[in-house]
Amino acid sequence: ICTVRTCWRQLSPFHEIGKQLKQRYETSLKVGSTTNEATGEGDISHVRMQPLPGPSDQIPRTTDLIHIDDSPSFCRMTKYSPGTSARKCYKDKNCESICCGRGHNTQSRVVTRPRQCQVRWCCYVECKQSL
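With the numbering used here, the residue at position 75 of the sequence shown is 873, and numbering never jumps.
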């Protein structure tokens, strides 16, 4: 009979962490920042929910993601980002998001892949090609 039990913490799968970060980013709280003249320390002021326009003041929780400046548009080219023009996307997965609603062109290709490869004596590999 085993009487010892060991527990440990571990990270969630990477895609789960990404989904949680994206959800927090999309519901982040916009805050203002002021400097306390007496202490010189920064204070958070005038908290506002990002998704809802208007003065919905709220105190952020320790689990909330907050920001001072609005995020730039990642769709347009800036000195910090090449934008999304001419990016490749997967038709059934992410084209609307990546192309920022501008539409996209579709290309079809026939791709052959090597199969049933064999090493031929001495110095080369011979394969059949399949679609």
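Glycine included, each C-beta is placed from N, C-alpha and C at the ideal position.
Endpoints, alpha helix (DSSP H) assigned at L819: Its alpha helix (DSSP H) spans residues F812 to E824.
I866 to P858 span [Cα, whole Å]: 13 Å
Selected residue, minimal CA-CA separation from R913, among D862, E924 and S895: E924
Beta strand (DSSP E) segment containing S928, residue limits: That run of the beta strand (DSSP E) goes Y922 to S928.
Residue closest to S831, alpha-carbon to alpha-carbon, out of I864, K820 and R900: I864
C-alpha gap between V917 and V909, whole angstroms: 23 Å
Coil, strand or helix - S895 by DSSP: helix
Beta-carbon gap between R893 and T882 smaller than 7 Å: Rather than Arg, the amino acid found at residue 893 in this sequence is Cys. Cβ distance not < 7 Å, so C893 and T882 don't count as in contact.
Presumed contact (8 Å Cβ cut-off) between T876 and P870, rounded CB distance: The beta-carbon distance between T876 and P870, rounded to whole angstroms, is 6 Å. This is short enough to meet the 8 Å contact definition.
Where the beta strand (DSSP E) through L809 begins and ends: No beta strand (DSSP E) contains L809, which DSSP labels as neither H nor E.
Cβ-based burial, L827 [other Cβ within 10 Å; buried from 16]: Its Cβ being crowded by 16 or more others within 10 Å, L827 is buried.
Q916 (DSSP reduced to helix, strand or coil): strand
Pair within 7 Å by beta-carbon distance, S928 and R907: No; because the gap between Cβ atoms is not below 7 Å, this pair is not in contact.
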